[in-house]
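Chains as they are written, first to last, in the UniProt record's numbering: chain B, 1 to 140; chain P, 1 to 160.
Positions of the beta carbon are idealized from the N, C-alpha and C atoms, including for glycine.
Please read all numbers here as calculations on a predicted model, not as lab measurements.
Below is one structure; the comments refer to it alone.
If you want it as structure tokens, here you go:
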């Protein structure tokens, strides 16, 4: 399983710099920028190349309806691999699954759903409340 | 009760923060964060801030003093995969002296403070730190420096 992060400008390599600081180099995650000197065709080529070494992949896109998203969806409809496309997810969700990709047993859609669920859980207003630290019945 | 299943122990000045809460918990396969630190055990705000990441990723969290950790950790059940997080080599030594079965001790961040010299990129130590870490190593603990999971582990004897 592979995650391919792609977005406008340096969205992808910006997230890459965050991931590198927090987790190091993540295997099975690739970062592809869509910069001002590129067009939809050249981006499509890069995204397609990134799929060459995997049978399952999730495209992690910055913006619903943007060019990286559109190209990812186009590829997903024609490629032989199992592919899902997500938008609007955060770096926390990426970090949470980043170490489980090499031996990920589920489908691309299952991983995509996990990324969306985790992103939603981490998108929040901080509110003060007592910390719950109840011991389990047969543990600590 | 058998031996507590401590999957990882990490020294990090920041205790639980974004990186430890998400990245290390996930890579270690832990389902319970145990913060063993005397100040934090009595600091509500620190606990709230550290609990935030644990709550969203669905793992449990406990804030115990070093003494309570020594006296109570053996009550853990086998399915509790414990990620033990401490702040200093002194606390690591107290746990080892108290008989807590730590197998692997990951040295993460040790900030600079007066009298400490740089040992690796993110770790500063004084003689007492080194002595306490050596004590742990001499008592069978695998002690190594590793900032992030994808970094190579640097064994203690190679850095001090």
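Per DSSP, the bridge partner or partners of residue i
{"i": "residue 61 of chain B", "result": "B:6, B:87"}
{"i": "residue 32 of chain P", "result": "P:60, P:82"}
{"i": "residue 82 of chain B", "result": "B:56"}
{"i": "residue 40 of chain P", "result": "The partner list for residue 40 of chain P (beta bridge, DSSP) is empty, contrary to what the question assumes."}
{"i": "residue 155 of chain P", "result": "P:144"}
{"i": "residue 120 of chain P", "result": "P:123"}
{"i": "residue 73 of chain P", "result": "Paired residue(s): none; residue 73 of chain P is not in a bridge."}
Exposure label - residue i; buried when at least 16 CB within 10 Å
{"i": "residue 112 of chain P", "result": "exposed"}
{"i": "residue 45 of chain P", "result": "exposed"}
{"i": "residue 79 of chain B", "result": "exposed"}
{"i": "residue 132 of chain B", "result": "exposed"}
{"i": "residue 19 of chain P", "result": "buried"}
{"i": "residue 39 of chain B", "result": "exposed"}
{"i": "residue 30 of chain B", "result": "buried"}
{"i": "residue 36 of chain B", "result": "exposed"}
{"i": "residue 76 of chain P", "result": "buried"}
{"i": "residue 49 of chain B", "result": "exposed"}
{"i": "residue 53 of chain P", "result": "buried"}
{"i": "residue 99 of chain B", "result": "buried"}
{"i": "residue 126 of chain B", "result": "exposed"}
{"i": "residue 147 of chain P", "result": "buried"}
{"i": "residue 58 of chain B", "result": "buried"}
Local conformation of residue i per DSSP, three classes
{"i": "residue 96 of chain B", "result": "helix"}
{"i": "residue 30 of chain B", "result": "strand"}
{"i": "residue 18 of chain B", "result": "helix"}
{"i": "residue 93 of chain P", "result": "helix"}
{"i": "residue 101 of chain P", "result": "coil"}
{"i": "residue 37 of chain B", "result": "coil"}
{"i": "residue 56 of chain B", "result": "strand"}
{"i": "residue 103 of chain B", "result": "coil"}
{"i": "residue 1 of chain B", "result": "coil"}
{"i": "residue 23 of chain P", "result": "helix"}
{"i": "residue 142 of chain P", "result": "strand"}
{"i": "residue 140 of chain B", "result": "coil"}
{"i": "residue 133 of chain P", "result": "helix"}
{"i": "residue 5 of chain P", "result": "coil"}
{"i": "residue 109 of chain P", "result": "coil"}
{"i": "residue 132 of chain B", "result": "coil"}
{"i": "residue 11 of chain P", "result": "strand"}
{"i": "residue 47 of chain B", "result": "helix"}
{"i": "residue 11 of chain B", "result": "helix"}
{"i": "residue 115 of chain P", "result": "coil"}
{"i": "residue 66 of chain B", "result": "coil"}
{"i": "residue 24 of chain B", "result": "coil"}
{"i": "residue 75 of chain B", "result": "helix"}
Own chain residues within Cβ distance below 6 Å of residue i, not counting five before or after
{"i": "residue 46 of chain B", "result": "32"}
{"i": "residue 43 of chain B", "result": "34, 71"}
{"i": "residue 47 of chain P", "result": "63"}
{"i": "residue 149 of chain P", "result": "27"}
Chain-ordered chain B contacts of residue i [CB-CB under 8 Å]
{"i": "residue 63 of chain P", "result": "131, 133"}
{"i": "residue 72 of chain P", "result": "140"}
{"i": "residue 92 of chain P", "result": "Ordered by position in chain B, no residue passes the 8 Å Cβ test against residue 92 of chain P, which lies about 19 Å from the chain."}
{"i": "residue 80 of chain P", "result": "136, 139, 140"}
Interface partners of residue i on chain B, CB under 7 Å
{"i": "residue 12 of chain P", "result": "Per Cβ cutoff of 7 Å: no residues; residue 12 of chain P is ~13 Å from chain B at best."}
{"i": "residue 47 of chain P", "result": "131"}
{"i": "residue 19 of chain P", "result": "22"}
Residues near residue i in its chain [Cβ-Cβ closer than 7 Å; skip 5 each side]
{"i": "residue 82 of chain B", "result": "55, 56, 107, 108"}
{"i": "residue 130 of chain P", "result": "160"}
{"i": "residue 89 of chain B", "result": "60, 115, 116, 119"}
{"i": "residue 157 of chain B", "result": "Outside the displayed range of chain B (1 to 140) lies residue 157 of chain B, so it cannot be described from this structure."}
{"i": "residue 65 of chain P", "result": "38, 41"}
{"i": "residue 137 of chain P", "result": "143, 156"}
{"i": "residue 12 of chain B", "result": "5, 6, 31, 32, 33"}
{"i": "residue 15 of chain P", "result": "35, 37, 40, 50, 85, 87"}
{"i": "residue 100 of chain P", "result": "69, 70, 73"}
{"i": "residue 25 of chain P", "result": "33, 57, 59, 83"}
Residue i: contacting residues in chain P (beta-carbon distance under 7 Å)
{"i": "residue 96 of chain B", "result": "22, 26, 57"}
{"i": "residue 138 of chain B", "result": "77"}
{"i": "residue 121 of chain B", "result": "56"}
{"i": "residue 92 of chain B", "result": "22"}
{"i": "residue 31 of chain B", "result": "Chain P residues near residue 31 of chain B: none, gap ~15 Å exceeds 7 Å."}
{"i": "residue 60 of chain B", "result": "Near residue 60 of chain B there are no residues of chain P at all, since even the closest Cβ is about 16 Å away, more than 7 Å."}
{"i": "residue 99 of chain B", "result": "26, 27, 149"}
Chain-ordered neighbours of residue i on chain P, where CB pairs are closer than 8 Å
{"i": "residue 26 of chain B", "result": "150"}
{"i": "residue 8 of chain B", "result": "Per Cβ cutoff of 8 Å: no residues; residue 8 of chain B is ~25 Å from chain P at best."}
{"i": "residue 126 of chain B", "result": "52"}
Proximal chain B residues relative to residue i, where beta-carbon distance stays under 9 Å
{"i": "residue 6 of chain P", "result": "By Cβ distance, chain B contributes nothing, its closest Cβ being about 11 Å from residue 6 of chain P, past 9 Å."}
Listed by chain order, chain P residues near residue i by CB distance under 9 Å
{"i": "residue 108 of chain B", "result": "Per Cβ cutoff of 9 Å: no residues; residue 108 of chain B is ~20 Å from chain P at best."}
{"i": "residue 14 of chain B", "result": "Near residue 14 of chain B there are no residues of chain P at all, since even the closest Cβ is about 16 Å away, more than 9 Å."}
Heavy atom of the ligand COA within 7 Å of residue i beta-carbon
{"i": "residue 58 of chain P", "result": "The ligand COA is absent from the structure shown, which contains no ligand whatsoever."}
Close-in-space but distant-in-sequence residues of the same chain around residue i (CB under 8 Å, 5 per side omitted)
{"i": "residue 102 of chain P", "result": "6, 9, 84, 92, 95, 96, 136, 141"}
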